[in-house]
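Residue numbers (the working numbering), protein chains in the order written: chain F, 7 to 403; chain S, -11 to 397. Where is the CB? At the ideal position from N, CA and C, for every residue including glycine. Inspection log for the structure reproduced underneath, given as structure tokens.
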Amino acid sequence: MTIAPHDEMQKILEQNARRLFAENSSRSELEEVDRDDGIPRALYLRMAELDWFRLLIPSERGGAGARMVDMLSLLGEVGRSRIPGPILDSAVGAVWMITRARGSNADEWLVRIGAAEWLTSLVLVDEDERWGPDILPVTALRSSSGYSLNGTLGYIESADKSDRWLVAAQMEGRPAKASLFLVDPAAQGVTVSRQSGLGVLRPFVVRLSEVLLAQSDVLGELGAAWPLVEEGVAVCALARSAVGLGAAQRTMEIAVDYARNRQQFGRPIGDYQSMQYQCTAMLSDVQALRSITFRAAEAFDNNDPNRSQLASVAKAWSNDACLRVARRAHRVMGAVGFAAEHELHHFTEMAEAGRANWGTSRFHRNRLSDAIDPIQPALRAERVLDQTDDVMSSGSR
Amino acid sequence: MTPALALGIGELNRRQLADVPEQAWRAEIRDFIADLPADFECVHEDVGYGFGAWSPDLLRRIGEKQWIGLCWPVDAGGTHRPVQELYVLLQELAYARVPAEALLYSLAVSSSLLRFGSPELQRELLPVISRGDATFCEGLTEPDAGSDLLALRTRARLEGEKWVIDGQKIWTSNGWAADYALIIARTEPNALKHQGLSAFIIDLRLPGVSTRPILDMAGQPSFSEIFFDGVQIPSHYLVGQRGDGFNVVLELLEWDRLWARSVKAPFLQRMWEDLVTYSRQTTRCGASLWDIDGLRDQLVDLGVEIEVCDSLFEHALRRMVHEGASAIEEVSMAKVFADRLGERFFHVAQELRGAAGQLSSADVESDLESVHHRIVRGALTAHGVMIAGGTPEVQRAAVATRYFGLARS
């Protein structure tokens, strides 16, 4: 066994992150962006100075060469301190996909993303739909000078403030061929519109209308990006579980601390077994969240062939577990936990939003059942086709 | 065992547990399993832990492989392999449904003997245990001492060179079938509740010992009463210091909660694969059960939870091995998690059986008979497994006080 669940590297990252996020300058910037609905750029730059945006970039390509388990330890702190913005998209998803694609510009992109100079949002798949390389929401058409992108996709984190978008597109006229493009949001034909995000999420709908890109904007091999996209989604789902873990851990601490101190009937409510039950049930979920999240992270570090499925296991489970922790915390806290002035509700909102961010439990269950039974998606597709045939034939009559 | 388990549960993840050349170790275990005869002499069926039936015959075969002393020190007659190998061994046996329940108790009791037993007692018993020539049970609970274990009243008094034991144990798993019991008894009647207790090994074939099997609700004699009426045992059969029985029991229970539930995941994983097959083969309302979204979702959820359960035990084991930390809180909560998963698992399994759920066994197509039988047993034994080793309520109360420092109610 090479990796202990909590080795020195992870402890140091956690401690440093907790310290940085608690500093006065960080706190005041976070309060400011909360009011202005922005993202904490200055804080990101300080995080970048600590190498946190290049943690997952291999050292031979200018990165910190850290493991997924290290990154997830850090993301736990991001959840605990409710840091907004495209950290997950940029430092995990984008870096993961770009480092695994063979592309002429990849190294330059990594340098900029690793320095947090290019905060990168991900525009990948519609998680409410069946998915595959042939049904991506964005399409790419080959034009005289390069490519023209068209399509619309929602729930894109901080698309208004990010410097680049990594966009998955299916090649028009070539079903099952997906490519990844790096898009400058300042390009002609790009529009974004705000969605009202829950918790710290800042989601946007992005529209690409004949956005012209050059050959040099393609990541890796044209038409061969689908496995990368699929794994990118899995990595982001796992990262999201780690953010949820940090938030759930903090939720539990708030509630247990309250149970120790809050007096009713002349004694701390934590003396009562019913309250102790709630506390230990939270602990059970937090422990299980940690063990499954880190198991999946190790699978990525070890290039385990089941890594993508394990990420879905982690996310499918963490969605519900984070909510259970939130509910139990509210039971312990009573009315004050429901008050806007108390911090608990921020974590509750994170749990509610987190369940749908990077895949609901149903989405991930479907990924898993498709993996268990590969005939299944084909059958489903057949059913859909049958219905389509009916509609078309009746229409033509 | 299938080479790659459907949800990635199992070897691919557990591989990371071991520094050892694990594939070779697994291959050796699988060869052993493959060479076993199809039918064993078993005393009773699996009681819901997943260790399989109680079979002294199988225990001797494992003893021949020198696997009972797998992790013991060499001078104790063992091979001093890393504890991760034991974990792998138990998981492989459970997945293969090998009737290895007796092995669990041999491991638990030998662990206590290695830690607390006198050299004389070790010399006497360890070789016998190592060969698989003796079976064990754990005599803890008494009629008036269940969750309040320390209220126990069985007494031991020293008379010359002998300890004389009087009292009664109840709900002792396999008490009537085992050769020896590790028990806890009161040696200092006037001491405080958790002091004045001592642990002993008792040969259950001695005069003055009588046992009575108790049928469990699933129809198996899985536990029993044991009566001690002036039983005389040699003085060196005391385990640990006189008055230190409480600590012996604490360790024994930690072992019990970790190892007895460590096979929940492979046990349920195997059963889950059966359910997936069953749900694909079984048609209801014109569709296979697997194609009914609600049922498939529940099945996949179970697969997810089995993976989570397995990761919890791996996490606890790592803490114990790597950080040398007592993982007693992790283990308590993992025990509760595993037992609750067992309940949910068989709840869904019964749902899958549909109307056949009202039958105590198959009464259907013969090739699915064993699936039905296993589901019924699992659904019934899940109630007992939840209680065994301490109820969830007792576990939670202990974690609330020890981990969170909340007041004992």
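* Taking only the alpha-carbon atoms, compute the straight-line gap between residue 387/S and residue 311/S and give it to the nearest angstrom. => 20 Å
* For residue 154/S, the first and last residue of its enclosing alpha helix (DSSP H) -> Element bounds for residue 154/S: not the alpha helix (DSSP H) but the beta strand (DSSP E), 150 to 161.
* Could you check how far apart the C-beta atoms of residue 278/F and residue 397/S are, in whole angstroms? I think they sit under 8 Å. => 7 Å
* In chain order, what residues of the same chain lie with their CB nearer than 7 Å to the CB of residue 13/F, ignoring the 5 residues before and after it? -> none
* Mind checking if residue 279/F is an interface residue toward chain S, Cβ cutoff 9 Å exclusive? -> yes
* Return the bridge partner residues of residue 213/S from the DSSP annotation. => 200/S
* To do: Express the C-alpha separation of residue 366/S and residue 390/F in angstroms, rounding to a whole number.
  => A caution first: residue 390/F carries a pLDDT of 37, below 50, which makes its placement in the model unreliable, though a value can still be read off. Using only the alpha carbons, I get a separation of about 39 Å.
* To do: Identify each residue in the stretch 280 to 300 of chain S for which the Cβ-Cβ distance to at least one residue of chain F is less than 9 Å, and report them in chain order.
  => 284, 285, 287, 288, 289, 291, 292, 293, 295, 296, 297, 298, 299 and 300
* May I have a chain-ordered list of the alpha helix (DSSP H) segments no shorter than 4 residues that lie completely inside the stretch 315 to 347 of chain S? => 316 to 341
* Is the beta carbon of residue 117/S less than 9 Å from the beta carbon of residue 100/S? -> no
* Among all the DSSP beta bridges, which residues are the ones paired with residue 127/S? -> 171/S
* **Top-ranked residue by Cα proximity to residue 128/F, from 295/F, 63/F and 241/F** => 241/F
* Please check if any C-beta of chain F sits within less than 9 Å of the C-beta of residue 98/S. => no
* To do: Measure the CB-CB distance between residue 251/F and residue 286/F and report whether it falls below 9 Å.
  => no
* Which bits of chain F does residue 314/S rub up against, with CB to CB less than 8 Å? -> Ordered by position in chain F, no residue passes the 8 Å Cβ test against residue 314/S, which lies about 15 Å from the chain.
* In chain S, what lies closer than 8 Å to residue 4/F by C-beta? -> There is no way to answer for residue 4/F, as the model of chain F reaches only from 7 to 403.
* To do: Give the residues of chain S in contact with residue 289/F, contact being defined as C-beta atoms less than 8 Å apart.
  => 317, 321, 387, 391 and 392
* **Neighbour flag for residue 151/F against chain S, beta carbons, 9 Å** => no
* Asked: Should residue 0/S be flagged as near chain F, meaning a C-beta pair shorter than 9 Å?
  -> Residue placement at residue 0/S is poorly supported in this model, since its pLDDT is 34, which falls under 50; the coordinates are not used for a value here.
* Does the Cβ-Cβ distance between residue 192/S and residue 174/S come in under 9 Å? -> no
* Measure from the alpha carbon of residue 290/S to the alpha carbon of each residue in 275/S, 305/S, 276/S and 334/S, then state which is nearest. => 334/S
* Under 9 Å between C-beta atoms, does residue 20/S make it to chain F? -> no
* Asked: Per DSSP, residue 214/F is paired with what?
  -> 157/F and 196/F
* Asked: chain S beta carbons: is any one of them nearer than 9 Å to that of residue 143/F?
  -> no
* Short check: CB of residue 359/F to CB of residue 323/F, under 9 Å? -> no
* Asked: Hey, how far is the Cα of residue 259/S from the Cα of residue 219/S?
  -> 43 Å
* Through-space distance from residue 131/S to residue 297/F, alpha-carbon basis -> 38 Å
* Asked: Checking contacts by CB at 9 Å: is residue 293/F closer than that to chain S?
  -> yes
* May I ask you to report which of helix, strand or coil DSSP gives residue 194/S? => coil
* Could one say the Cβ of residue 241/F lies closer than 9 Å to chain S's Cβ atoms, at least one of them? -> no
* To do: Could you check which residue in 180/S, 23/S, 300/S and 43/S has the C-alpha nearest to that of residue 31/S?
  => 43/S
* Under 8 Å Cβ-Cβ, which residues of chain S neighbour residue 412/F? -> The structure shown does not extend to residue 412/F, since chain F is modelled only from 7 to 403, so the question has no answer here.
* Inter-stretch contact at 8 Å, needing at least 3 Cβ pairs: the stretch 81 to 91 of chain F / the stretch 43 to 50 of chain F -> yes
* Asked: At least one CB of chain S closer than 9 Å to the CB of residue 282/F: is that the case?
  -> yes
* Asked: Could you check where the alpha helix (DSSP H) with residue 32/F kicks off and where it finishes?
  -> 30 to 42
* Asked: In three-state DSSP terms, what is residue 171/F?
  -> strand
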